[in-house]
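**Student:** Residue numbers are given in our numbering: position 364 of the sequence shown equals residue 1692, and the series is strictly consecutive.
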Amino acid sequence: MTMEKSTNRWKTVQPYDVPPRTFDLLPRYVEKYGKKKTIFACKVDGDWKKYKAREFVKMTDVISQGLIGLGVTKGDRVAVISNNCPQWIMVDFAVQQIGGILVPIYPTVRQTDYEYIINHAEPKIIFVEGSLLLKKVKGVIDKMADKPKVFAFNQVEGYLTLRGLMVSVKIDKKSLASLQAHKDTVDPEDVATIIYTSGTLGTPKGVMLTHHNLMSCIAYYGPHYPLPPSHKTVSFLPLSHIYERSIMYYHIYSGNSTYYVENFGTIMRDIADVKPEHFVTVPRVIEKVYNGVIRKGDKLKGAKKRIFHWAFQLAERYDETEKKNNRAYRIKLYWANRLVFKDVRKAFGGRLEFIVSGGASLQPRLVRLFAAMDIPIFEGYGLTETSPVVATNSLAMGITKAGTVGLPCGSVQFKIDPETSEILVKGSAVMKGYYKNEEATRDAIDSEGYFHTGDIGEFDEDGLLKITGRMKEIFKDSMGKYISPALIESKFTESPLISMMMVVGENQKFAAALIVPSFDGLKTWCEENNVTYTTNAEVIKEKKVIDRYRKEVETYNKYFGDFEKVKRFELVDREWTIEEGEITPSLKLRRKIVAEHYQDLIDGMFAE
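1) For G1550, which residues from the same chain have a beta carbon less than 6 Å from its beta carbon, with the 5 sequence-adjacent residues on both sides left out?
2) Candidates I1795, L1825, E1681 and K1365: which alpha carbon is nearest L1711's?
3) Would Y1887 be called buried (16 or more neighbouring beta carbons within 10 Å of its own) or exposed?
4) Near Q1836, which residues of its chain fall below 7 Å by C-beta distance, leaving aside the five closest residues on each side in sequence?
5) If distances are taken between C-alpha atoms only, which option among P1348, I1409, G1833 and L1915 comes closest to I1802?
6) In whole angstroms, what is the alpha-carbon distance linking Q1741 and I1784?
7) Look up Q2018 in the DSSP assignment and give the residues it is bridged to.
8) Terminal residues of the continuous alpha helix (DSSP H) containing M1576?
9) Secondary structure at W1638, three-state DSSP: helix, strand or coil?
10) Could you say if the region 1368–1385 and the region 1586–1595 meet the contact criterion of at least three C-beta pairs nearer than 8 Å?
11) What residue ranges within the region 1463–1516 form continuous alpha helix (DSSP H) runs of no fewer than 4 residues, ordered along the chain?
12) Tell me where the beta strand (DSSP E) around M1828 begins and ends.
13) Shortest alpha-carbon distance to K1560 belongs to which of L1697, V1602, A1520 and P1532?
14) Judging by CA-CA distance, which residue of F1455, P1348 and R1693 is the nearest neighbour of P1328?
15) For K1764, collect the residues of the same chain with a Cβ closer than 8 Å to its Cβ; drop the 5 residues on either side in sequence, then sort them by chain order.
16) Ignoring anything shorter than 4 residues or poking outside the region 1375–1399, list the alpha helix (DSSP H) runs there in chain order.
17) Look up I1802 in the DSSP assignment and say whether it is helix, strand or coil.
18) Exposed or buried, T1769, counting other C-beta atoms within 10 Å across all chains shown (16 or more means buried)?
19) Throw me the rounded Cβ distance for the R1405 and E1443 pair, which I believe falls under 8 Å.
20) Whole angstroms is fine: what's the gap from P1692's alpha carbon to F1698's?
21) If I follow the unbroken beta strand (DSSP E) through F1787, where does it start and stop?
22) CA-CA distance, M1874 and D1626?
23) Taking C-alpha atoms, which residue in V1514, S1722 and Y1662 lies nearest to G1427?
24) How about E1766 and G1734: are their beta carbons less than 8 Å apart?
25) Tell me which same chain residues have a C-beta within less than 8 Å of the C-beta of M1494, skipping the five on either side of it?
26) Return yes when the Cβ of V1608 is within less than 8 Å of the Cβ of I1570, no when it is not.
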């Protein structure tokens, strides 16, 4: 039996009237917001190169004509392997508007994933950013019987470039008519893209999303965040992930200008330069930004340092729902903003109105802190298979409740299974299925059309959705008690000394954990406590450091029942990375791989 929560209860905002296909967004942008408006920008030699709307659309059309000339027809797959850039998006729209299917591949995936995805998708064309990424896939391509043509965004000796493809196109009435004929064949229910899941627990699966799937996200998610066309935004999450890509489509719908940061290391510098009104991110980035702010505060002296920490301690008590912030508290917060938080807002460019966070659970403490600084963070929820957003807190409705992912969007109906508490969704957001994998599709989508998310959740007293765990991650200890590692990890990583954590203990007498220190925070602590910091590997062996982390574990254990408490732990000397396969491109833990890499440490924690 299941309990259904129909979206009819949540008709609080009216859906947008959206175009039927993704590529219809481009001519709409030109017509509605002006052919000279900046649609995208990126850093080139230290300066922002801006693409005007009409110029961008023309370049996209030329690429489409080039692909037609290469024999790309409806249903053919075209892969793109690149970091974010306007050319990535040109190829995306160019492929889709001739009926092709874009297959984005993360630049940072494991070599085994490259091999699997390319062989499984069988793309006719592959676009790569440059020589470094080409080296990663060349060996795979060379072994293929039907070798795809390869084009590079940047100059690579011996290979054709995207620019070369565009130059080769002869634009005349015949080629324009051919392009229009291809556009006319594309139906909203056609597959627009195949996105291979990160594969936290096994082989990646190719999620087939239609034009209708992708546009339904705009129609039902967008009204919660009404954006004026004057807004600028920065982008740094990978376009290969449907989260960032769907938001990009919404920015086009809203007439916004999107600026792609130079790299992850320049995020704050580029934000300060662009001065965006909003941007989209994931919890890990917010955590790193916050920790960076705290480190700067720790370096202050005397009264300035005391005021700084007073302000942040005050902010931690903030009620983001505004129900408990009495007059005395608001007066104190006014002075905290005047003395401290105004400088934080200035670091974000001074115009930032809000942040949207997704992809994983954000620490409730950070929601409160940023809300107190007048930078509200709105959390949402979704999966690649749901296009992706199916629930969200809401700017339009003023809902930003820490620990929740908000209201269900009108694109889906929700069910919460009373026996397992698994979240099930059905509606226009749900994928067409997994590519070449009917069995997995049947396992994921039941006979009633409900997609089984694998996430565990509940609705709180305000009717807002809370994610409480992941079914495949929850384990039993030897006493039969269920432990949700994600909940424990989320709480412990609130500590400024803990960057990452993985709880283990299936079929064991107690829970234990691998802890990745926040090495910047640890360095500051070592300086303040006369501990010599040589290397990560050496410092985590220091008795004082281990004792400090033991106190930290004791502090956060207080939030959990006895069977959930972390009884033993081991510190590790480096952050887990995408390159080592330990986290996914969307920054989720690959628990099986982390366990394989640290099996000796794990075994040691449970040795008698």
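Backbone N, C-alpha and C define an ideal beta-carbon position, used for all residues, glycine too.
Note that the structure is predicted; figures quoted are calculated from it, not measured.
**Tutor:** On the basis of the data shown:
1) If you number the sequence shown from 1, residue 1550 lands on position 222. So the qualifying residues of the chain are Y1344 and Y1578.
2) For this step, residue 1711 is matched to residue 383 along the sequence shown. Per the Cα distances, I1795.
3) Translated into the one-based positions of the sequence shown, residue 1887 becomes position 559. Per the 10 Å Cβ criterion, exposed.
4) Taking the sequence shown and counting its residues from 1, the one referred to as residue 1836 is at position 508. Result list for Q1836: D1805, S1806 and F1934, in chain order.
5) Indexing the sequence shown from 1 puts residue 1802 at position 474. Of the listed residues, the one whose Cα sits closest to I1802 is G1833.
6) Against the sequence shown, residue 1741 aligns to sequence position 413. Against the sequence shown, residue 1784 aligns to sequence position 456. Each residue's Cα considered, the two are about 16 Å apart.
7) The structure shown does not extend to residue 2018, since the chain spans only 1329 to 1936, so no value can be given for it.
8) For the purposes of this step, residue 1576 is identified with residue 248 of the sequence shown, where counting begins at 1. That run of the alpha helix (DSSP H) goes I1570 to S1582.
9) For the purposes of this step, residue 1638 is identified with residue 310 of the sequence shown, where counting begins at 1. Of the three classes helix, strand and coil, the one that applies to W1638 here is helix, per DSSP.
10) yes
11) 1490–1495 and 1501–1512
12) The count along the sequence shown starts at 1 and reaches residue 1828 at position 500. Here the beta strand (DSSP E) through M1828 covers I1826 to V1832.
13) The residue you call residue 1560 lines up with position 232 of the sequence shown. That would be V1602, whose Cα lies nearest to the Cα of K1560.
14) What the structure shows of the chain is the stretch from 1329 to 1936, and residue 1328 is not part of that stretch, so it cannot be assessed.
15) As a working mapping, residue 1764 is identified with position 436 in the sequence shown. Here the set comprises H1448 and G1534.
16) 1381–1397
17) By 1-based counting over the sequence shown, the position of residue 1802 is 474. I1802 falls in the coil class under three-state DSSP.
18) Taking the sequence shown and counting its residues from 1, one reaches residue 1769 at position 441. T1769 comes out buried.
19) The count along the sequence shown starts at 1 and reaches residue 1405 at position 77. The count along the sequence shown starts at 1 and reaches residue 1443 at position 115. No, R1405 and E1443 are not in contact; Cβ-Cβ is about 16 Å, not under 8 Å.
20) Locating residue 1692 in the sequence shown gives position 364, counting from the first residue. Locating residue 1698 in the sequence shown gives position 370, counting from the first residue. Near 10 Å, if we compare the C-alpha coordinates of F1698 and P1692.
21) Position 459 of the sequence shown, counted from the first residue, corresponds to residue 1787. Element bounds for F1787: F1779 to F1787.
22) Within the sequence shown, numbered from 1, the residue matching residue 1874 stands at position 546. Within the sequence shown, numbered from 1, the residue matching residue 1626 stands at position 298. Position check: residue 1874 holds Ile in this sequence, whereas Met was assumed. Answer to the nearest angstrom: the Cα atoms are 22 Å apart.
23) Counted from its first residue, the sequence shown places residue 1427 at position 99. The shortest C-alpha separation from G1427 is found at V1514.
24) Within the sequence shown, residue 1766 is the residue found at index 438, counting from 1. Within the sequence shown, residue 1734 is the residue found at index 406, counting from 1. No, they are not a contact pair.
25) Position 166 of the sequence shown, counting from 1, holds the residue named residue 1494. Cβ neighbours of M1494 beyond the five flanking positions: M1387, V1390, I1391 and G1394.
26) Taking the sequence shown and counting its residues from 1, one reaches residue 1570 at position 242. Taking the sequence shown and counting its residues from 1, one reaches residue 1608 at position 280. No. Outside cutoff.
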